[in-house]
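Protein chains in written order, with the numbering used here: chain Y, 1460 to 1761; chain U, 20 to 154.
Below is one structure, written out as structure tokens, with a few remarks after it.
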Amino acid sequence: MDDDPTTAQDVARDFPTLDRRDEDQLLPQLVAHLREHRTKLRQEWAGRIQDAHLLHAMTPQEMAAETTSVYDNYVEVLETGSVEALQHYARDLSERIIPRGVETHEVVGIVLLLRDVLARSLFEKYQQDFGLLNRVLDAYEPAANRIANTVAVSFVDERERVIRQQQDSIRELSTPVLPVRERLLILPIIGVLDGERARQLTEQLLAGIRTHRAKVVVIDITGAPDVDEVVANHLVQTVDASRLMGASVIITGLSPEIAQTLVTIGVDLSKMNTIGDLQGGLEEAERLLGFTVTRGDRPAGE
Amino acid sequence: MTGPALVSILRQGSYLVASIHTALDDSQLVRFQQDLVSQIGQHRARGVIIDVAALDVLDSFGSRTLRNIAEMARLRGARTVIVGIQPDVALAMVALGMGTGDVATALDLEEGLAYLDEVLGHTGAAEGGSPRNRR
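Structural data, given as structure tokens:
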């Protein structure tokens, strides 16, 4: 930039007492100041957290312990300029507090409070020398913003990781492939089917066909409230793919709404073997497999 | 088409079993098609099993060739069943709209043999099995 030399000159003129060496000393000075007033500043910070009604979920003891380590981590980052340790700590902290319902705004809020508390104390310390205060803040602010950024991002990352994990387990739970007889699988679909879930379902079904050497599969969609075109086409593909693996598919439990939707949107269902309800589907599957089910009316031993 | 055959075609009773062990390029597929169709006549085979279990990809030319082989085999008097299509391959095939048409498919070699026995109405894999209910 063209005006950079001017700024540097202005600075040199306005603050003739500060040379390069002083500038290098600014951060260490600042860190020393924060270390010296650690207890007082930490308490002030904790007080402001309470005033702001943040972190309800934690007891005062926990709060004291956490604020101490956050404070120490904070000062350490200012000193070393490396956020790695803080990142690690923030992730670890998030892991502990997320299950207790701590929200993103609380975490960001407390870090910003700490930033303000420390900035205030710097104002207080350097209020005599406005030039020096400016330089100190120049050194402090980028580091402080970086810390706030790191903590917030770590927290959100951790939360997203937890959410992803939960989504995965819900997905796995939601598409069970159940063997009911030799070479017969049932796949009950409960809940909303979206593209992602339909894809997952197909994968699990094909894996199940291979593992259980299934010849017939009954897909029951009684529990699916709605089916759109994407999912309907996916179902057709599932049926085709199963056939390629040597299994025939029976679809049961199509609700009147879904039947109307499918016909209206014009999905080609001519190759689909559909039967009204799960019971009928099972009977048809047993017939295909050559099972005959008879009621054992006579008591044993006769 | 010259060179060594890349697909082993084995006679098992009145069936031919062709196992594709490795991905074939287009000219190799054509070679395989010619070999198989000519061997159906030589061995008077009544059933053909094509095992693709070792393939983790099957392109459009591959699946069309398999369909063609099945049709040619039918013209020469043999029923064809394709066995061992992997889940991923099956998904990719339907996603790209390249099914096996009317060709029968089965889970694995054992199922394929059972299928042929059923449609041909005898135990063709065993030597000397006499045909019944030929269709």
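Glycine is no exception: its CB is placed at the ideal position from the N, C-alpha and C atoms.
- Cα atoms of residue 117 of chain U and residue 83 of chain U: separation of roughly 8 angstroms, rounded to the nearest angstrom.
- Beta-bridge pairing by DSSP links residue 1679 of chain Y to Y:1647 and Y:1711.
- Distance from the Cα of residue 1514 of chain Y is smallest, within the candidate group Y:1498, Y:1548, Y:1493 and Y:1552, for Y:1552.
- Contact check for residue 1665 of chain Y against residue 1646 of chain Y fails: the beta carbons are separated by 7 angstroms or more.
- Distance from the CA atom of residue 1557 of chain Y to the CA atom of residue 1614 of chain Y, rounded to whole angstroms, is 9 angstroms.
- One alpha carbon belongs to residue 125 of chain U, the other to residue 102 of chain U, and they sit about 5 angstroms apart.
- Within chain U, no residue has its beta carbon less than 8 angstroms from that of residue 1634 of chain Y; the closest one is some 15 angstroms off.
- By the neighbour-count criterion, in which 16 or more other beta carbons inside 10 Å mark a residue as buried, residue 1499 of chain Y falls on the exposed side.
- Taking residue 1644 of chain Y as reference, the option from Y:1560, Y:1756, Y:1678 and Y:1523 with the minimal CA-CA separation is Y:1678.
- In the DSSP annotation of this structure, residue 31 of chain U is not part of any alpha helix (DSSP H); the continuous beta strand (DSSP E) holding it starts and ends at 27-31.
- In the three-state reduction of the DSSP assignment, residue 1540 of chain Y falls in the coil class, being assigned neither a helical nor a strand state.
- As the crow flies, the alpha-carbon of residue 1641 of chain Y is around 8 angstroms from that of residue 1673 of chain Y.
- Membership of residue 1698 of chain Y in the alpha helix (DSSP H) is indicated by the continuous run 1688-1703.
- One Cα belongs to residue 1590 of chain Y, the other to residue 1542 of chain Y, and the distance between them is close to 28 angstroms.
- Taking C-beta atoms under 8 angstroms as the contact rule, residue 1714 of chain Y and residue 1708 of chain Y fail to qualify, at a distance of about 18 angstroms.
- For the segment 1522-1555 of chain Y, the beta-carbon criterion of a distance under 7 angstroms to any beta-carbon of chain U is satisfied by none of its residues.
- In the same chain as residue 1684 of chain Y, and ignoring 5 residues on each side of it, no C-beta atom comes closer than 6 angstroms to its own.
- At a cut-off of 7 angstroms, the C-beta of residue 1691 of chain Y has no neighbouring C-beta in chain U.
- In this structure, Y:1717 is the residue among Y:1544, Y:1717, Y:1619 and Y:1705 with its C-alpha nearest to the C-alpha of residue 1652 of chain Y.
- Taking the Cα of residue 1598 of chain Y as reference, the smallest distance to any Cα among Y:1704, Y:1738, Y:1530 and Y:1578 is reached at Y:1578.
- Linking residue 1720 of chain Y to residue 120 of chain U through their CA atoms gives a straight-line distance of about 27 angstroms.
- By DSSP's assignment, residue 1638 of chain Y forms a beta bridge with Y:1644.
- Using a CB distance cut-off of 7 angstroms, residue 1718 of chain Y does not count as an interface residue toward chain U.
- Contact with chain U is found for residue 1672 of chain Y, since one of that chain's Cβ atoms lies less than 7 angstroms from the residue's Cβ.
- Boundaries of the alpha helix (DSSP H) around residue 111 of chain U: 106-114.
- Contact of residue 1747 of chain Y with chain U is not assigned, every C-beta pair being separated by 7 angstroms or more.
- The beta-bridge partner set that DSSP reports for residue 1567 of chain Y is empty.
- Chain Y places no beta carbon closer than 7 angstroms to that of residue 73 of chain U, leaving this residue out of the contacts.
- Boundaries cannot be given for residue 1557 of chain Y, as no alpha helix (DSSP H) includes it and DSSP labels it neither H nor E.
- The beta carbons of residue 37 of chain U and residue 55 of chain U sit closer together than 7 angstroms.
- When only Cα atoms are considered, residue 1547 of chain Y and residue 1554 of chain Y end up about 11 angstroms apart.
- Taking 8 angstroms as the upper bound for CB-CB distance, residue 86 of chain U and residue 122 of chain U are in contact here, some 6 angstroms apart.
- Not one beta carbon of chain U lies nearer than 7 angstroms to the beta carbon of residue 1626 of chain Y.
- Contact annotation, residue 1636 of chain Y with residue 1682 of chain Y: C-beta distance approximately 15 angstroms; criterion of less than 8 angstroms not satisfied.
- Close partners of residue 104 of chain U in chain Y (Cβ separation under 9 angstroms): 1700, 1703, 1704 and 1705.
- Contact annotation for residue 1659 of chain Y against chain U: no contact, minimum CB-CB distance about 12 angstroms [criterion: below 9 angstroms].
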